[in-house]
Amino acid sequence: MKKPGALVAAAALLISGCGSSSGGSESQTLTVFAAASLTESFGAMKTAFESAHPGTEVKFNFAGSSSLVQQMSNGAKADVFASADETNMDKAVQAGVIDGSPSLFATNKLTIAVAPGNPKGITSFAGLVQDGLNVVVCAPQVPCGSATEKVEQNTGVTLEPVSEEQDVKQVLNKVASGDADAGLVYVTDATSAADKVAEVDFPEAATAINNYPIAVVKDAPRTDLAKQWIEFVLGEQGKAELQKVGFGAP
Amino acid sequence: MPWVLWVPAALALALVVLPVVGLLVRTDLRRVPGLIVSDASLAALRLSLETAAVSTAACIVLGVPLAVVLARSAVPGIRVLRAVVLLPLVLPPVVGGLALLYLLGRKGFLGYVLDVTAGVQIPFTTAAVIIAQTFVAMPFLVVSLEGALRSGGDRYEQIASTLGARPWTVFRRVTLPLLLPALGSGAVLSFARALGEFGATITFAGSLEGVTRTLPLEVYTQAEVDVDSAVALALLLIVVAILVIAVARPRALEGNAR
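Protein chains in written order, with the UniProt record's numbering: chain A, 1 to 250; chain B, 1 to 258.
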């Protein structure tokens, strides 16, 4: 009988503890579903946003944009959705999970990630087609892969990758581990992994720019807060954080 | 049997069956054949069947001796080895893939030697898929064989040796025949596990149509754009697995195992 008594006491403490903390200023949680490529920049914005809105806690769900759309269509509760491309935002709109119209807040483009020091001497997109070169790209089904496909069409250069990965971080990992000689990743990913990979920019990347839309989710538990977060991302502080990791302005 | 066991038993069965039913209910079954016959799906199905067959063979060639050694040898530390063999069951498949990459990748210690001395690179090849599948499937074979060997005891083997049979003859004429039923069920389990292998493959072998993109990887790729076709492919995987188990019909799975 001792244990249940202690449990009840602990529960009572917990409840009273919660009560007192939320008593002063109203505590509220904002849930943001965001593309995995926003991990670093949104993470940096969280601190600033929380101190500007006392009593607010921002919680993230970072994943592939299409997984996020699926989660929301299946009833996952979210306030804000930030997608890595317009295709997936359109899907979310069609699935009826978006409130209002999305706004663009960033752009991203591809770059070539290579081992530090560029031992294979890759200098151009066409240079990726060489015998014995292990090139890894994203599968055409995911945003970074469709961007890669677009560059191939625009340049007439057809890559022969050894693997088509499911997300851009996997491509980055295979270059960082040394198993791939080169990989097509976003500028932002190469920037955040600057200690593990070097970057070879190529001008044709400009022909396949990805737009990042953000929107309030329909029936969001915290609609007002969601709008404030979006304003924050679109504002000066948000722009600065996005720029820091390599995003362009829309 | 106390009737009260029916309640948890029914719940256990429901936990396995109902999710599959959920899959069937949400799928437009009339569309399934059309979704399955795309070139990419057929290539993935073919690759899956081929690699799973080869890795099951590898499991048998390597796993039978391992099971016999584990069950019959009395060397010190054998209990630790027995636990080590189970590691792939516990390791998250992605970690298994990373471990294989750290061993056989271009910067891995064995992979580096292979690359420098023979110019052989394992990652991104069909061989990498087979190695990943063998890695995760082997414990299923070893565990079922070892269990059969230990519960059967070594009475027959002892008698054969006292009658003058050499160790190799005993193994061939006594141990192996005794193992056959368990070998059947173990091989089917390994094949099924190899067929469903995903995490270690995508980490270690990558994903390329016709080379390393097996059916589970194709399901994952399709799920990004078209959930319906991913589900159709998953149903195909389920049908193949059920067919294999039904056709092979190992005795151990039918309850006749000793």
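Each residue gets a CB set at the ideal place from its N, CA and C atoms; glycine is no exception.
Requested in this report: Determine the extent of the beta strand (DSSP E) in which Lys-59/A is found, giving its start and end residues.
Outcome: 56-63 is the span of the beta strand (DSSP E), which, as asked, contains Lys-59/A.
Query raised in the report: What are the start and end residues of the alpha helix (DSSP H) that includes Phe-135/B?
Result: Counted as a single uninterrupted DSSP element, the alpha helix (DSSP H) harbouring Phe-135/B occupies residues 126-152.
Requested in this report: Measure from the alpha carbon of Phe-125/A to the alpha carbon of each residue in Ala-182/A, Ser-192/A and Asp-195/A, then state which is nearest.
Outcome: The option with the nearest alpha carbon to Phe-125/A is Ala-182/A.
Query - Min CB distance Asp-130/A to chain B below 7 Å - result: The amino acid occupying residue 130/A in the given sequence is Gln; Asp does not appear at that position. Not closer than 7 Å to any Cβ of chain B, the Cβ of Gln-130/A fails to qualify, so no.
Query raised in the report: Using a Cβ-Cβ cut-off of 7 Å (strictly less than) and excluding sequence neighbours within five positions of Val-69/A, which residues of its own chain qualify?
Result: Cβ neighbours of Val-69/A beyond the five flanking positions: Asn-88, Lys-91, Ala-92 and Ala-95.
Requested in this report: Sort Ala-34/A, Ser-177/A, Ser-41/A and Ile-112/A by Cα distance to Ser-65/A and report the nearest one.
Outcome: Nearest of Ala-34/A, Ser-177/A, Ser-41/A and Ile-112/A to Ser-65/A, Cα basis: Ala-34/A.
Requested in this report: Tell me whether the beta-carbon of residue 259/A lies closer than 7 Å to the beta-carbon of Lys-77/A.
Outcome: This structure leaves residue 259/A out entirely; chain A is present only between 1 and 250.
Query raised in the report: Quick one: is the Cβ of Trp-229/A within less than 6 Å of any heavy atom of the ligand NAP?
Result: In terms of ligand content, the structure shown is empty, and the ligand NAP therefore cannot be addressed.
**Report entry** Per-residue DSSP class, three states only, for residue 255/A
**Finding:** Within the shown structure, residues of chain A are numbered from 1 to 250, placing residue 255/A beyond reach of any answer.
Query raised in the report: In terms of alpha-carbon separation, which member of Thr-175/B, Ala-14/B and Leu-141/B lies closest to Glu-157/B?
Result: Residue Thr-175/B is the option with its Cα nearest to Glu-157/B.
Query raised in the report: For the putative contact between Gly-111/B and Gly-105/B, defined by C-beta atoms under 8 Å, what is the C-beta separation to the nearest angstrom?
Result: So it is a contact: roughly 5 Å between Cβ atoms.
Query raised in the report: Just the Cα atoms here: how many angstroms apart are Trp-229/A and Thr-111/A?
Result: For Trp-229/A and Thr-111/A, the distance between alpha carbons rounds to 29 Å.
Query raised in the report: By the criterion of Cβ-Cβ separation under 9 Å, what are the contact partners of Thr-212/B in chain A?
Result: Within chain A, the residues near Thr-212/B are Val-162 and Ser-163.
Report task. Assuming Glu-241/A contacts Ala-44/A (C-beta within less than 8 Å), just tell me the rounded distance between them. Result -> In this structure Glu-241/A is in contact with Ala-44/A, their Cβ atoms being roughly 5 Å apart against a cut-off of 8 Å.
Report task. Check the Cβ-Cβ distances between Ser-51/A and every residue of chain B, and say whether any is below 7 Å. Result -> Ser-51/A does not count as touching chain B.
Query - Residue span of the beta strand (DSSP E) that contains Asn-211/A, given as start and end - result: Taken as a continuous stretch (DSSP letters only), the beta strand (DSSP E) holding Asn-211/A covers 210-217.
Query raised in the report: Nearest-angstrom Cα distance between Val-219/B and Pro-2/B?
Result: Each residue's Cα considered, the two are about 43 Å apart.
**Report entry** Under 9 Å by beta carbon: chain B residues contacting Thr-136/A
**Finding:** For clarity, residue 136/A is Val in the given sequence; the question names Thr instead. Within 9 Å Cβ-Cβ: Phe-124 and Gly-206.
Requested in this report: Would you verify that the beta carbon of Val-197/A is, or is not, closer than 7 Å to some beta carbon of chain B?
Outcome: At least 7 Å separates the CB of Val-197/A from every CB of chain B.
Requested in this report: Measuring only between beta-carbons, confirm whether Arg-173/B sits less than 7 Å from chain A.
Outcome: By this cut-off, Arg-173/B is not an interface position.
Requested in this report: Return the CA-CA distance between Pro-8/B and Phe-124/B, expressed in angstroms with no decimal places.
Outcome: Straight-line Cα distance between these residues: approximately 45 Å.
Requested in this report: Starting from Thr-221/B, find everything on chain A with Cβ-Cβ shorter than 7 Å and list it in chain order.
Outcome: Per Cβ cutoff of 7 Å: Ala-139, Gln-141 and Gln-166.
Report task. Identify which residue in Val-197/A, Thr-107/A and Tyr-186/A has its Cα closest to the Cα of Lys-120/A. Result -> The option with the nearest alpha carbon to Lys-120/A is Val-197/A.
Query raised in the report: Per DSSP, what kind of secondary structure is Asn-118/A in: helix, strand or coil?
Result: Reduced to three states, the DSSP call for Asn-118/A is coil.
Requested in this report: Would you check if the segment 159-178 of chain B and the segment 226-240 of chain B touch, i.e. whether three or more CB-CB distances between them fall below 8 Å?
Outcome: Short answer: they don't touch.
**Report entry** Proximal residues to Arg-222/A (C-beta, below 7 Å), its chain only, five neighbours per side dropped
**Finding:** So the list reads Gln-28, Leu-30 and Asp-79, once near-sequence residues are dropped.
Query raised in the report: Going by Cα to Cα distance, which pick from Leu-11/B, Gly-97/B and Ala-194/B is closest to Ala-53/B?
Result: Among Leu-11/B, Gly-97/B and Ala-194/B, the Cα nearest to that of Ala-53/B is on Ala-194/B.
Report task. Take every Cβ of the segment 134-150 of chain A, pair it with every Cβ of the segment 84-98 of chain B, and state whether three or more of those distances are shorter than 8 Å. Result -> No, the segment 134-150 of chain A is not in contact with the segment 84-98 of chain B.
Query raised in the report: The alpha helix (DSSP H) with Asp-228/B in it runs from where to where?
Result: Element bounds for Asp-228/B: 227-248.
Query raised in the report: Would you say Val-32/B faces chain A, with C-beta separation under 7 Å as the test?
Result: Interface flag for Val-32/B against chain A is unset, since no Cβ pair is found closer than 7 Å.
Report task. Please classify Val-157/A: does DSSP put it in a helix, a strand, or coil? Result -> Three-state DSSP puts Val-157/A in coil, outside helix and strand.
Query raised in the report: Would Val-95/B count as contacting chain A if we go by Cβ distances under 7 Å?
Result: By this cut-off, Val-95/B is not an interface position.
Query raised in the report: Looking at the C-beta of Asp-99/A, does it have a partner C-beta in chain B at a distance below 7 Å?
Result: Judged by the 7 Å Cβ criterion, Asp-99/A is not in contact with chain B.
Query raised in the report: With 7 Å set as the bound, which would you pick, yes or no: does the beta-carbon of Ser-20/A sit closer than that to a beta-carbon of chain B?
Result: Note that Ser-20/A has pLDDT 40, beneath the 50 cutoff, so the model's placement of it is unreliable and the number below is only indicative. Output row for Ser-20/A: interface = no.
Requested in this report: Check the Cβ of Gln-70/A against every Cβ in chain B and list those closer than 9 Å, keeping chain order.
Outcome: By Cβ distance, chain B contributes Ala-223 and Val-227.
Requested in this report: Answer yes or no: does any C-beta atom of chain B fall closer than 7 Å to that of Ser-66/A?
Outcome: With 7 Å as the cut-off, Ser-66/A counts as an interface residue toward chain B.
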